[in-house]
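2 protein chains.
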Amino acid sequence: MSKANKTPTINDVARLAGVSKKTVSRVINRSALLSDDTRTKVEAVIAELGYVPNPQARALALRRNFLLGLLHDNPNAQTVLKVQEGVLDAIRDTEFALVVRPVDRHSPTLLDDIRRFLEQQRLYGVLILPPISENDALAELCLEMGCGYVRMGSAMLDDEEHIVASNDREMVSQAVDYLIGLGHRRIALIEGPEGFRSALERREGFLAAMQAHGLPVPPAARAQGTYRFDSGLEAASRLLDAAERPTAIFASNDEMAAGAFHAARQRDLKIPEDLSIIGFDDSPIAAHIWPPLTTVGWPVREMGRAAALKLIAPGDTTARAFRFPARLVQRQSVGPPRG
Amino acid sequence: MSKANKTPTINDVARLAGVSKKTVSRVINRSALLSDDTRTKVEAVIAELGYVPNPQARALALRRNFLLGLLHDNPNAQTVLKVQEGVLDAIRDTEFALVVRPVDRHSPTLLDDIRRFLEQQRLYGVLILPPISENDALAELCLEMGCGYVRMGSAMLDDEEHIVASNDREMVSQAVDYLIGLGHRRIALIEGPEGFRSALERREGFLAAMQAHGLPVPPAARAQGTYRFDSGLEAASRLLDAAERPTAIFASNDEMAAGAFHAARQRDLKIPEDLSIIGFDDSPIAAHIWPPLTTVGWPVREMGRAAALKLIAPGDTTARAFRFPARLVQRQSVGPPRG
DNA sequence: AAAGCTTTTGACACCGGTTTCCTTTTTCGC
DNA sequence: GCGAAAAAGGAAACCGGTGTCAAAAGCTTT
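If you want it as structure tokens, here you go:
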């Protein structure tokens, strides 16, 4: 009576069930060494009281908590959210929760900020999204702090424990093969910014496919962007004003592809009749521009799920895949070249 | 020597400083009753050891933790992420962290799932994003569980403690005034789905502005969508095929506006010459379609920050504002009507 | 019935903080 | 110089769980 209305603790359960705390603890943790009798009895009391173990107390006693962190630099809102959903898929029905932490890639105190964050929150592990997942110092920091980590991205490192990656290079090659198969010969590339592993992989995939078919890639058929809309517009403008106008463009992400759409429109080029465009990411924008953009999509949500599983169930071999296949999403921005 | 490499605890600090735990605790919590002498001494040891208090132990002792939750139903990735950033602005340099929890609005077990989530994580408080922020049962659940909460959205309730809202109605009115000022008379509305407060507010804002100018809104000038791209396309198709074709359309969000673009294009209507379109949200897509979409943007990040402050510093009156102004973002999808 | 196992259970210390309450020291007025 | 009040600091209990280890109970075996 007197202690009404407080959330019940393990002690309350123990008292009501007439057993010790430890026994209740055993029931909670599904310990094998328990008679069915006591188990049933304790479970009844737990149900009656609506008892839920206090996660902070557990975290303290076990000397580890059940918080996963997500470090990201907002490259693409949709991607970040899909990863969050994937992580949630993985931790559903567990006691884990997901803590997010946006960071500023360009901050000079980036590493210190993250260190303070890890010290303060004592996370079980963190997921690191591209592009900051490419920062090796960050991975070392996690190691040093004894914090589990998984890096996501289009990385080339073969570190099965700490990497969940897509296979950008191969996918871009396939996309370019597809263009070539349709008859395109003059295919231009809008590549991503220097220093991004994804930009590198996509470029290499592009060049490899062209070379495999013996097609030249003159400097005028390559332009660099920043992964942003404006830069795609600019890059495409340069490409389309070249002497030998390309009949197709591969853009290293959808935003830049959208910029290229704009550049084509300014020049009265019809898509896909005068110009085919392929993007990368399958972001929402791809479906919402006109004509809908053919692009390469990677299974972000599944990757988020796999990354989380790698942290919380490292023994689970079903989650050991670490290189995920992407697929070409065919919409309406690609056709055979004119004539 | 022997206990090397473990993260230092309050006991280690106490021993090295030659004081009791309690004194160290006093230093951490900036208690007033302490001599400067001891304070300096203890602080030196803390710095030397790189001691950081264990948040789980603190949470246990204080009977409350420092976790804020974000409940959302992914209406719009960009919005969710901006809110996350706003919350991070608010909790920077505090010990709070942000836990995210996507939910499925249509799940029959929605409330139970959230209840379990709150029971398990024992959050300090939660932020609820639209559209699930409109669910009153959810707010009651939080109250019942003793969990602080703030609802965000375009709500009409005047509950300064628990609401952070934008002023959709007034903003839509202004947008429509703007169209009328340019000379438009036949203005159509694509409204959001039944049951969304935001859809309601935006519709009311639209109708109020039309009525204020004595302009009729025949049934053929109204169509309902689901807030999704496809529905905008369909709705606009109906509107544009009506006997009296409108010269301007207000769409209740940007995605549907993008769908309307598509419908206009199918009918060879030029934007803005033949048809002006205004959207709502200022989502990334608005800047990435062609022509760039004039739209109404609301200060999502600031609202996220305000919502978080309401939870963690309820006394702070600078954050008491609860109705945020939106603003018209003028791009290129609006012009005077032809002729 | 006693001895010897195995299974089940509980007492107690501990995780790393905070709170309560009490003792010691300092300050200060007279 | 003394007593009293105020300031400073410490001992022990507590928050709600888990780990260790030993005791109790149940079951064979002889």
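Chains H and P, in that order, give the protein sequences.
To convert, note that position 31 of the first sequence is 665 in our numbering; the numbers rise steadily by one, no gaps.
To convert, note that position 5 of the second sequence is 639 in our numbering; the numbers rise steadily by one, no gaps.
Here a beta-carbon is modelled for each residue, glycine too, at the ideal position from N, C-alpha and C.
(request) Please report how far the alpha carbon of A799(H) lies from the alpha carbon of R837(H), in whole angstroms. (result) Here residue 799(H) is taken as the residue at index 165 of the first sequence, counted from 1. Here residue 837(H) is taken as the residue at index 203 of the first sequence, counted from 1. Between the alpha carbons of A799(H) and R837(H) lies a gap of roughly 17 Å.
(request) Please name the residue or residues paired with G782(H) in a DSSP beta bridge. (result) For this step, residue 782(H) is matched to residue 148 along the first sequence. Per DSSP, G759(H).
(request) Quick one: grab the DSSP three-state call for T674(P). (result) For the purposes of this step, residue 674(P) is taken as residue 40 along the second sequence, with counting starting at 1. Reduced to three states, the DSSP call for T674(P) is helix.
(message) If the criterion is Cβ atoms closer than 8 Å, does the pair A882(H) and L909(H) meet it?
(response) Mapped onto the first sequence, residue 882(H) falls at position 248. Mapped onto the first sequence, residue 909(H) falls at position 275. Yes. Within cutoff.
(request) Could you tell me whether the Cβ of N887(H) comes closer than 8 Å to any Cβ of chain P? (result) Within the first sequence, the letter at position 253 stands for residue 887(H). By this cut-off, N887(H) is not an interface position.
(request) Would you mind sorting S669(H) into buried or exposed? The rule is 16 or more other CB atoms within 10 Å of its CB. (result) In the first sequence, residue 669(H) corresponds to position 35, counting from 1. The residue in question, S669(H), is exposed, as its Cβ has fewer than 16 Cβ neighbours within 10 Å.
(message) I'd like to know if R892(H) contacts chain P, where contact means its C-beta is closer than 8 Å to some C-beta of that chain.
(response) Here residue 892(H) corresponds to residue number 258 of the first sequence, with the count starting at 1. At residue 892(H) the sequence reads Ala, which differs from the Arg that was named. So yes, A892(H) belongs to the interface.
(message) I need the DSSP call for L943(H), collapsed to helix, strand or coil.
(response) Start at 1 with the first residue of the first sequence, and residue 943(H) comes out as number 309. L943(H) falls in the helix class under three-state DSSP.
(message) Given this structure, state the Cα-to-Cα distance separating I821(H) from P918(P), to the nearest angstrom.
(response) What you label residue 821(H) is simply residue 187 of the first sequence in a count that begins at 1. What you label residue 918(P) is simply residue 284 of the second sequence in a count that begins at 1. The straight-line gap from Cα to Cα measures roughly 28 Å.
(message) Short of 8 Å Cβ to Cβ, which residues in the segment 906-937 of chain P face chain H?
(response) Those would be P918, I919, A921, H922, I923, W924, in chain order.
(message) Less than 8 Å between CB atoms is the rule here; does L761(P) satisfy it with respect to chain H?
(response) The residue labelled residue 761(P) in the question sits at position 127 within the second sequence. For L761(P), the answer is no, since every Cβ of chain H falls outside 8 Å of its Cβ.
(request) Just the C-alpha distance for R750(P) and D671(P), rounded to the nearest angstrom, thanks. (result) As a position in the second sequence, residue 750(P) is number 116, starting the count at 1. As a position in the second sequence, residue 671(P) is number 37, starting the count at 1. R750(P) and D671(P): Cα-Cα distance of roughly 48 Å.
(request) Give me whichever residues DSSP pairs with L928(P) in a beta bridge. (result) Here the question's residue 928(P) lines up with position 294 in the second sequence. The sequence shown places Thr at residue 928(P), not Leu. The partner list for T928(P) (beta bridge, DSSP) reads I912(P).
(request) Could you spell out the range, first to last residue, of the beta strand (DSSP E) harbouring R735(P)? (result) For this step, residue 735(P) is matched to residue 101 along the second sequence. Counting along the chain, the beta strand (DSSP E) containing R735(P) begins and ends at 731-736.
(request) Check whether the Cβ atoms of L761(H) and A921(H) sit closer than 8 Å, and answer yes or no. (result) Stepping through the first sequence from its first residue, residue 761(H) is reached at position 127. Stepping through the first sequence from its first residue, residue 921(H) is reached at position 287. Contact: no.
(message) Which residue marks the beginning of the alpha helix (DSSP H) containing F895(H), and which one marks its end?
(response) Translated into positions along the first sequence, residue 895(H) becomes position 261. It spans 888-900 - the alpha helix (DSSP H) in which F895(H) sits, taken as one unbroken run.
(message) To the nearest angstrom, how far is the alpha carbon of M805(H) from that of G913(P)?
(response) Here the question's residue 805(H) lines up with position 171 in the first sequence. Here the question's residue 913(P) lines up with position 279 in the second sequence. Distance between M805(H) and G913(P), taken at the CA atoms: about 36 Å.
(message) Taking its Cβ as the centre, do 16 or more other Cβ atoms sit within 10 Å of G902(P), making it buried, or is it exposed?
(response) In the second sequence, counting from the first residue as 1, residue 902(P) sits at position 268. Looking at the sequence itself, residue 902(P) is Asp, so the reference to Gly does not match. Exposed, by the Cβ-count rule.
(message) To the nearest angstrom, how far is the alpha carbon of H796(H) from that of A833(P)?
(response) Mapped onto the first sequence, residue 796(H) falls at position 162. Mapped onto the second sequence, residue 833(P) falls at position 199. Our two residues, H796(H) and A833(P), have alpha carbons roughly 45 Å apart in a direct line.
(request) Using a Cβ cut-off of 7 Å, pull out every chain P residue sitting near E729(H), in sequence order please. (result) Start at 1 with the first residue of the first sequence, and residue 729(H) comes out as number 95. The answer, in chain order, is Q754.
(message) On the DSSP letters alone, give me the boundaries of the beta strand (DSSP E) that E825(H) sits inside.
(response) Along the first sequence, read from residue 1 onward, the residue named residue 825(H) stands at position 191. Segment 821-825, the beta strand (DSSP E) holding E825(H).
(request) In angstroms with no decimal places, state the Cα-to-Cα distance between Y758(P) and P925(P). (result) In the second sequence, the residue the question calls residue 758(P) occupies position 124. In the second sequence, the residue the question calls residue 925(P) occupies position 291. So the two alpha carbons sit approximately 45 Å from each other.
(message) By the DSSP assignment, the beta strand (DSSP E) with H740(P) in it spans what residues?
(response) Position 106 of the second sequence, counting from 1, holds the residue named residue 740(P). Boundaries cannot be given for H740(P), as no beta strand (DSSP E) includes it and DSSP labels it neither H nor E.
(request) Indicate whether L744(H) and V734(H) have their beta-carbon atoms separated by less than 8 Å. (result) Position 110 of the first sequence, counted from the start, is the residue given in the question as residue 744(H). Position 100 of the first sequence, counted from the start, is the residue given in the question as residue 734(H). Taking 8 Å as the Cβ cut-off, L744(H) and V734(H) do not qualify as a contacting pair.
(message) According to DSSP, is S807(H) part of a helix, a strand, or is it coil?
(response) One-based indexing of the first sequence puts residue 807(H) at position 173. It is helical.
(message) In this structure, how does DSSP classify F958(P) when only helix, strand and coil are distinguished?
(response) The residue labelled residue 958(P) in the question sits at position 324 within the second sequence. DSSP places F958(P) in strand when its eight states are reduced to three.
(message) Applying the 10 Å Cβ sphere with the 16-neighbour rule, what's the burial state of G973(H)?
(response) As a working note, residue 973(H) is residue 339 in the first sequence. With fewer than 16 other Cβ atoms from the protein chains shown falling within 10 Å of its own Cβ, G973(H) counts as exposed.
(request) Please compile the residues from chain P whose C-beta is within a distance smaller than 7 Å of the C-beta of N1021(H). (result) Nothing about residue 1021(H) can be read from this structure; chain H reaches only from 635 to 973.
(request) Look up R856(H) in the DSSP assignment and give the residues it is bridged to. (result) Locating residue 856(H) in the first sequence gives position 222, where the first residue counts as 1. According to DSSP, which records beta bridges pairwise, R856(H) is partnered with L823(H).
(request) Please look up how many angstroms separate the CB atoms of E835(P) and Q858(P), rounded, as I've assumed it's under 8 Å. (result) Residue 835(P) sits at position 201 when you count from the first residue of the second sequence. Residue 858(P) sits at position 224 when you count from the first residue of the second sequence. The pair is not a contact, with the Cβ atoms about 15 Å apart (cut-off 8 Å).
(request) Just tell me which of L927(P), N645(P), V930(P) has its CA closest to the CA of Y685(P). (result) Here residue 685(P) is taken as the residue at index 51 of the second sequence, counted from 1. Out of L927(P), N645(P), V930(P), N645(P) has the C-alpha closest to the C-alpha of Y685(P).
(request) Would you kindly check if the distance between the Cβ of G938(H) and the Cβ of V717(H) is under 8 Å? (result) For the purposes of this step, residue 717(H) is taken as residue 83 along the first sequence, with counting starting at 1. For the purposes of this step, residue 938(H) is taken as residue 304 along the first sequence, with counting starting at 1. Taking 8 Å as the cut-off, the beta carbon of V717(H) is found closer than this to the beta carbon of G938(H).
(request) Could you run through the segment 841-865 of chain P and flag, in chain order, every residue whose CB is less than 7 Å away from some CB of chain H? (result) Listed in sequence order: F863.
(request) Please name the residue in A877(P), E936(P), Y812(P), V658(P) whose C-alpha comes closest to that of P970(P). (result) Along the second sequence, read from residue 1 onward, the residue named residue 970(P) stands at position 336. P970(P) has its Cα closest to that of Y812(P), out of A877(P), E936(P), Y812(P), V658(P).
(message) Beta-carbon within less than 6 Å of A854(P)'s beta-carbon, same chain only, minus the 5 sequence neighbours each way: which residues are those?
(response) Working through the second sequence from its first residue, we reach residue 854(P) at position 220. Hits under 6 Å: A876.
(request) Find the nearest neighbour of R935(H) within the set P948(H), T928(H), D916(H), judged by alpha-carbon distance. (result) Position 301 of the first sequence holds residue 935(H). If we check each option's Cα against that of R935(H), D916(H) comes out closest.
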